[in-house]
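Residues 9 to 223, numbered by the working numbering, are exactly what the sequence shown covers, in order.
All remarks here apply to the structure that follows.
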Amino acid sequence: MVLAAGPFHAAEAQPVTGRDGKPLAGVPLDAFRDMIAAMRQGGLVMLIRHERTELPSREDDYSRSDTDCRAQRNLSVAGTAGAAESGVVFRALEIPVGRVIASPMCRATETARGMFGVGYETDRRMLHQDPDGARNLAVASAEMRELLVELAPGLPGTNIALVGHGGMIHQLTGVQLSEGEVVLVRLAEGGAVTVVGHFLPSDLNPFVRDALKAN
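Here you go:
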């Protein structure tokens, strides 16, 4: 697996922190501009952790159906609004997304719907790991990698969005995402992953304002 870290993690004095507590001031706008350009060109996979969830939240009940929202940790009001806001960002910046695949768990499908509309698929290989069951993090991550192998090398001219869970994405990319955050990767044959960068869609708001003014 190839991991390429971008220069946009360099810290600057007096950092401003985002909603996840991470410093934002060390992220130059040029890094976000480059990621927007790469997404517009296509051929990437957008690995997205589901949006913000309820606090306090219920534990996932793995004895129930994957699609039974009453037995899962679900999106908060802020998470639902955040998914919709991210959709506005992607549309305003004209980011092409040709295929959307989500974990069948409700917090992932609701994130996919908010960001990209109803035209998404679900795949159980994106399903959250069961900490106490046979489908532990290693098994879940291996299944997600199997899906990435099938998707390689991506779709020319457009992007693939995978909406899932933080532990598996971290296992595959080395990037620890906050809820609602996106890590961009390139896929090679065989499923090798190169990290292009990562961002919260709200980080792109300066470019959204410019795009809306231009229209």
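Even for Gly, the Cβ is constructed at its ideal location relative to N, Cα and C.
Treat the numbers as computed from the prediction; the structure is a model and nothing was measured.
- When only Cα atoms are considered, proline 64 and methionine 113 end up about 18 Å apart.
- Counting along the chain, leucine 170 sits inside the beta strand (DSSP E) bounded by residues 167-172.
- Shown here, histidine 178 sits in a helix according to DSSP, grouped into three states.
- DSSP lists Ala110 as the beta-bridge partner residues of threonine 130.
- Residue state for leucine 192 is assigned as strand, using DSSP reduced to three classes.
- Between glutamine 137 and alanine 148, the C-beta gap is smaller than 7 Å, which places the two residues in contact.
- In the DSSP annotation of this structure, the continuous segment of the beta strand (DSSP E) that includes arginine 57 starts and ends at 53-57.
- Going by beta carbons, valine 171 and threonine 181 fall outside the 7 Å limit.
- Residue pairing of valine 203 in beta bridges, as defined by DSSP: Val193.
- Contact check for glycine 199 against leucine 163 fails: the beta carbons are separated by 7 Å or more.
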